[in-house]
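Going by our numbering, the sequence shown opens with residue 2, and the numbers climb by one from there. Scroll down for the structure; my scribbles are underneath it.
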Amino acid sequence: MAASEQNGKGISRRKFLQISALAAGATMLPMPVRWLGTNNAQAIAQSPALLKSRSYLLRGLALPPMVLGLIPNTAFYANDPGGIPVLDGTPDPAFADTLKYNVTASEFTDQLHPDMGPTTLWGYHDTNNPVKRHLGGAIIAARGTATRIRMTNTLPATHIIPVDNSIPGTGLGVAQNRIAVHLHGGFIPWISDGGPFDWWTPNNAGGTGLSFKNGPGSLFDTADPMVLGQADYYYTNDQSTRLMWYHDHAHGITRINAYAGVATGYLCLDLAQEQALGTSIPPVTSLIPLVYQDKVFVNGDPVNGTLVTDPTWATVAPARAQTPGSLWYEHIYDPKLFRLKKGRGYLTPPNPSCIPEFFGDTMLCNGTVAPVVEVEPRRFRFMLLNACNARFLNISMLQVQPNCEVVTDPKTLAPASQYDYVANVAVAAAPLPGPQIIQIGTEAGYLQAPVVFPGGFVPFNPATFTGNLIIGCAERADFIIDFSAYAPGTEFVFYNDAPGPFPAGPPSNDYFAGNPATPAAVLGSTIDTRNILRFRVKAGTVVDPQVGLPTLPPMDPPPLATPAAVAGGPLTVPAGTPLRDLTLNEDFDVYGRLRQTIGTTKPALVGKGFGLDYLAPATEVIAAGTTEVWRIFNLTADTHPIHFHLQDCQVISRQPFKVVSGRFTPTGVARGPEPNEMGWKETVRMNPGEVTSVIFKWDMSAVPFTVPFSDRPMGAAATVIPQANEFVYHCHILEHEEHDMMRPLVITGVNPQRPNILPTSAAATVTGAPATPLLSFAVTLAAGSTIASIVATSSDAGYPAPAAVTTATGFDVTLPTLVIAPAAPIKLTYTVTDSTGLKSSVTITAT
Ligand SMILES: [Cu+2]
């Protein structure tokens, strides 16, 4: 959000620092920033102040009978039959080494707090086993086995969140139940990226997007017939261990679809890598996912409730979104809250209107309000996702007395005392430091080395953009917390003091009891964005070997840039790597509303700075396999978490800059990545007044089919770009992304095509009668490719695999009749390698 005008000549870093340094503690600001007067504005509806003492236990994962076919679900600490449903896959009839998942997107209700709701939500669930809960449809995938999702869209015609029809991608008559499924962090072909133009509608009655190539009539339909209203997504899982997520990305309604619930987790596990780590980190079965979202709920109070504080909610939201506990979303562009350019040439913003950022007053973790997570006195591994629309987190770990929340001093903005929300008494003692947070991974795999965040409060410092564990929108952190030194009954809280917008937001978005700008936040209530998770140690008998900091696996794939000679310095980039210069901008749309954009460093339209519309011709058109350094100059007053589709990057440096005679010039001292960015990243915080440099190699994923190109006209003068693979990159503050901080990312070239192996005969039976020892397999290869080898790559002990016999279209395997009936099915794996070196495998299960 603009704290200062962009003038096209750049903005001095000093100006930002003035703003930033004041913002953390001040309620008075010297600049005409947009939030002055916020304390008088009451346009934001307030959630019901529910009791924390009545909250649920943290939801874990409702695992299917077997996860990955390898790990019994009972081995997972987070296994919770009443928790977030995890999908069960079945062997894919169309593609080798793939599990198929049937998923439906629909509307349902869920109880997010015992005293509220139920809440009407949109979300995913298993088509065949329709257990519908918030964040449902989660997937646990294993490296080496791909995923195919067959998604059926059954959403109702009217959205549960008011739809602004004045922003790109929307309009009167445009279907409100469009969805596009994006695997955030996935290494996937573009037709499975679920980008903005990939949308479709129930029965396709409301049409499909311009780049919808994965529905009826597509290669997926040919391979495995589908019906209208369905679409397939193919995810390679050719990635190291990491928490990803899949969520909606339909053009013009991404922010409200995701807010309505169309999002869930996607955990990819490299089981061999995990096994190699041994006991140096807690096993994956000790992994607890933490997914954060901030929301506002419809408050049914007749005096102070939503229909009073927000009189037009009844006209912009359907009746089913007006009941107490429904989701509320800000729909008025209120000039008391947001800068609005008025005067000649500007239209009046509509209602519903988009807004620059949405900040909720109530924090959810794993789909419920203010939950408690019970842990045993041992090490646990957590994978945290910030799935908030716009809110960043700066997390400190504090020890509190049982049933106490942290009370924040409104003057110092620091933890000061405690409040026992069960006994309703103040506790004068300040909270104590809790255990360390030992981060081992990012959203894109393991760090090069663990990073230790001390227990205790480490405030966010807006002058340096530093704090404790900072997680911007869509970023993830993989970390270990050791509870073994604590007795049962000990409690801790995750305490968050990140401002919103980041790094210099107003006090009115910082919900805590005693904050005069958030009077609805009262002690012991769930209107609180500072106490964001409670941990309670319970009795446990598990012996946990105490080890030092773990040695983590090398970066996978290997790094492109290497650490500097000086600790904390910029990374060293290979000589000759091409540079691409880009800008982050803010301007006003035709309604006078703030709008964020990405552009190049070439001036765009007169008076518009450097920003380009998402729909402007693509400027990032890159041949597959190219390595590039992107230098992204942030001309705005916000930190933007910029998310790149298809590829991960390394952060090289951050540096102040100035613009001299139209030339963007880094100045001053460059710093290297933060310690917890020393690995791969795919969502990177870009701070105001700084140029952030990142390096990519734009490789494409290998898949067992031929990928059609995008024919959406993305080139200059609306031409179709040859061999276009259509991706995007954008800010993951969802309100920014939608209006209009997103650009096409076009990679030109052909996906490597893996051999696809499919059985053409019945399953093997080698004992009993009738025996079917001869098995045949068809192999499909990329044009011009041939089979180089077919070899048995694994077999169960005692059952040596016979050689495969190559045929005209594949291969045959003749299994010997077994003398002794096997106690369990025998598994034999054959791997086909083609003439380009790509491999695919098939496993024979014989009984
Ligand atoms: Cu942004």
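Idealized CB from N, CA, C, for every residue including glycine.
Exposure label - residue i; buried when at least 16 CB within 10 Å
{"i": "GLN276", "result": "exposed"}
{"i": "ASP410", "result": "exposed"}
{"i": "PRO66", "result": "exposed"}
{"i": "THR844", "result": "exposed"}
{"i": "LYS296", "result": "buried"}
{"i": "SER5", "result": "Since pLDDT at SER5 reaches only 34, below the 50 mark, its modelled position is unreliable, and no value is offered."}
{"i": "ASN425", "result": "exposed"}
{"i": "GLY569", "result": "exposed"}
{"i": "VAL523", "result": "exposed"}
{"i": "GLN724", "result": "exposed"}
{"i": "GLY186", "result": "buried"}
{"i": "ASP233", "result": "buried"}
{"i": "MET29", "result": "Here the model assigns MET29 a pLDDT of 26, short of 50, so the residue's position is not dependable and the matter cannot be decided."}
{"i": "PRO372", "result": "buried"}
{"i": "GLY612", "result": "buried"}
{"i": "GLN547", "result": "exposed"}
{"i": "LYS603", "result": "exposed"}
{"i": "THR573", "result": "exposed"}
{"i": "ASP362", "result": "buried"}
{"i": "ALA139", "result": "buried"}
{"i": "ASP249", "result": "buried"}
{"i": "LEU775", "result": "exposed"}
{"i": "THR527", "result": "buried"}
{"i": "ASN204", "result": "exposed"}
{"i": "LEU88", "result": "buried"}
{"i": "PRO502", "result": "buried"}
{"i": "SER56", "result": "buried"}
{"i": "LEU816", "result": "buried"}
{"i": "LYS539", "result": "exposed"}
{"i": "LEU433", "result": "exposed"}
{"i": "LEU156", "result": "buried"}
Of the listed residues the options, nearest to residue i (C-alpha basis)
{"i": "GLN177", "options": "TRP681, MET245 and SER107", "result": "SER107"}
{"i": "VAL692", "options": "LEU583, LYS412 and GLN648", "result": "LEU583"}
{"i": "GLY515", "options": "THR307, LEU414 and MET398", "result": "LEU414"}
{"i": "PRO325", "options": "ASN586, GLN402, PRO119 and CYS405", "result": "PRO119"}
{"i": "ALA638", "options": "HIS731, PRO504 and THR530", "result": "PRO504"}
{"i": "VAL182", "options": "VAL544, GLY262, MET398 and THR146", "result": "GLY262"}
{"i": "ILE254", "options": "GLU738, THR749 and ALA847", "result": "GLU738"}
{"i": "LEU308", "options": "MET245, ALA518, GLN47 and ASP335", "result": "GLN47"}
{"i": "THR846", "options": "GLY838, THR810, SER795 and LEU839", "result": "SER795"}
{"i": "SER167", "options": "ARG713, LEU156, PRO353 and TYR236", "result": "PRO353"}
{"i": "HIS135", "options": "PRO73, THR75, ASP249 and THR265", "result": "THR265"}
{"i": "ALA719", "options": "LEU616, ALA605 and CYS650", "result": "LEU616"}
{"i": "LEU69", "options": "ARG144, ASP116, ASP127 and ARG55", "result": "ARG144"}
{"i": "GLN651", "options": "PRO73, LEU448, LEU52 and PHE77", "result": "LEU448"}
{"i": "PRO226", "options": "ALA95, THR668, GLY368 and ASP649", "result": "ALA95"}
{"i": "TYR334", "options": "CYS355, ALA318 and LEU348", "result": "CYS355"}
{"i": "ASP302", "options": "THR128, ALA521, PRO92 and ARG179", "result": "ALA521"}
{"i": "ILE150", "options": "ALA475, LEU100, GLY716 and GLU629", "result": "LEU100"}
{"i": "LYS1", "options": "HIS731, PRO560, PHE812 and PRO564", "result": "The displayed coordinates of the chain run from 2 to 848. Any statement about residue 1 would go beyond what the structure contains."}
{"i": "ILE441", "options": "HIS641, VAL408, LEU278 and ALA824", "result": "LEU278"}
{"i": "CYS389", "options": "LYS412, ILE791 and PHE360", "result": "PHE360"}
{"i": "ARG655", "options": "VAL459, VAL630 and LEU647", "result": "VAL630"}
{"i": "ALA391", "options": "ARG744, GLN648 and THR640", "result": "THR640"}
{"i": "ALA322", "options": "ASN305, ALA224, MET715 and THR110", "result": "THR110"}
{"i": "ASP239", "options": "SER762, ASP712, GLN648 and THR684", "result": "GLN648"}
{"i": "ILE396", "options": "TYR420, ARG340 and GLY473", "result": "GLY473"}
Sequence ranges, alpha helix (DSSP H) only - wholly within the region 275 to 340, length at least 4
307 to 310 and 314 to 317
Would you call the region 480 to 494 in contact with the region 507 to 519, where contact means no fewer than 3 C-beta pairs closer than 8 Å?
no
The region 184 to 193 / the region 698 to 713 touching (three or more Cβ pairs under 8 Å)
yes
Give a yes or no on contact between the region 827 to 840 and the region 792 to 805, applying the rule of three or more CB pairs nearer than 8 Å.
yes
Given 8 Å, three or more beta-carbon pairs between the region 621 to 629 and the region 668 to 680:
no
Unbroken beta strand (DSSP E) runs of length 3 or more, entirely within the region 48 to 111: which are they?
99 to 111
Uninterrupted beta strand (DSSP E) stretches inside the region 719 to 749 (no shorter than 3 residues):
725 to 732 and 743 to 749
When the Cβ atoms of the region 209 to 218 are set against those of the region 279 to 290, are three or more pairs found closer than 8 Å?
no
Could you check whether the region 420 to 439 touches the region 451 to 459, counting it as contact only if at least three pairs of C-beta atoms, one from each stretch, sit closer than 8 Å?
yes
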